[in-house]
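Written below as structure tokens is the structure these notes are about.
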Ligand code: FES
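In the numbering used here, the protein residues as written are 1309 to 1415.
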């Protein structure tokens, strides 16, 4: 059973935005996009930009620094989907947004 923890309040993540949260020393980017929540590693594997600050279109976030692209759904690098960054289960309970670090996002 995954252990969910509250990381944000609903109001802190309006539609079409991303936020960085820290859980157990890991930086996670949480997005609300087209009514759904997604959580992937925040630190871009290229040079470390914050993906939460990237531009999201068609379910894909583009890194704000050099435009590497990652799917929100599973963390796959769009140019080579066999490579993935971390992707996590995230849910909304009441006015709380909760994250589980140890269970992949189910889609
Ligand atoms: S730091 Fe993300 S593409 Fe370069």
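Ideal placement from N, C-alpha and C gives every residue a C-beta, glycine not left out. Here the structure is a predicted model, which is why all the values come from computation and not from measurement.
Rounded to the nearest angstrom, what separates residue 1319 and residue 1405 at their Cα positions?
Here residue 1319 corresponds to residue number 11 of the chain shown, with the count starting at 1. Here residue 1405 corresponds to residue number 97 of the chain shown, with the count starting at 1. Each residue's Cα considered, the two are about 10 Å apart.
Tell me the DSSP secondary structure of residue 1403 in three-state form.
For the purposes of this step, residue 1403 is taken as residue 95 along the chain shown, with counting starting at 1. Correct three-state label for residue 1403: coil.
Which residues are close to ligand 1, meaning CB closer than 7 Å to any heavy atom, in chain order?
That query returns the following residues: 1352, 1354, 1355, 1356, 1357, 1371, 1373, 1374, 1375 and 1376.
If we require 3 or more residues per run, which beta strand (DSSP E) segments fall completely within the segment 1354 to 1396?
Listed in chain order, the complete beta strand (DSSP E) runs (minimum 3 residues) inside the segment 1354 to 1396 are 1363 to 1365, 1368 to 1370 and 1377 to 1379.
Just mark residue 1341 as buried or exposed, buried being the case when its beta carbon has 16 or more other beta carbons within 10 Å.
Indexing the chain shown from 1 puts residue 1341 at position 33. Classification of residue 1341: buried, given that the 10 Å Cβ count is 16 or more.
Which residues in the same chain have their Cβ closer than 8 Å to the Cβ of residue 1377, if we skip the five residues on either side of it in sequence?
By one-based count along the chain shown, residue 1377 stands at place 69. Correct list, in chain order: 1368, 1369, 1370, 1371, 1385, 1386 and 1387.
Since residue 1337 is in the beta strand (DSSP E), which residue starts that stretch and which ends it?
For this step, residue 1337 is matched to residue 29 along the chain shown. Residues 1334 to 1341.
From residue 1330 to residue 1315, what distance separates their C-alpha atoms?
By 1-based counting over the chain shown, the position of residue 1330 is 22. By 1-based counting over the chain shown, the position of residue 1315 is 7. Residue 1330 and residue 1315: Cα-Cα distance of roughly 8 Å.
Please state whether DSSP places residue 1427 in a helix, a strand or coil.
The question about residue 1427 has no answer here: the residues shown for the chain are numbered 1309 through 1415.
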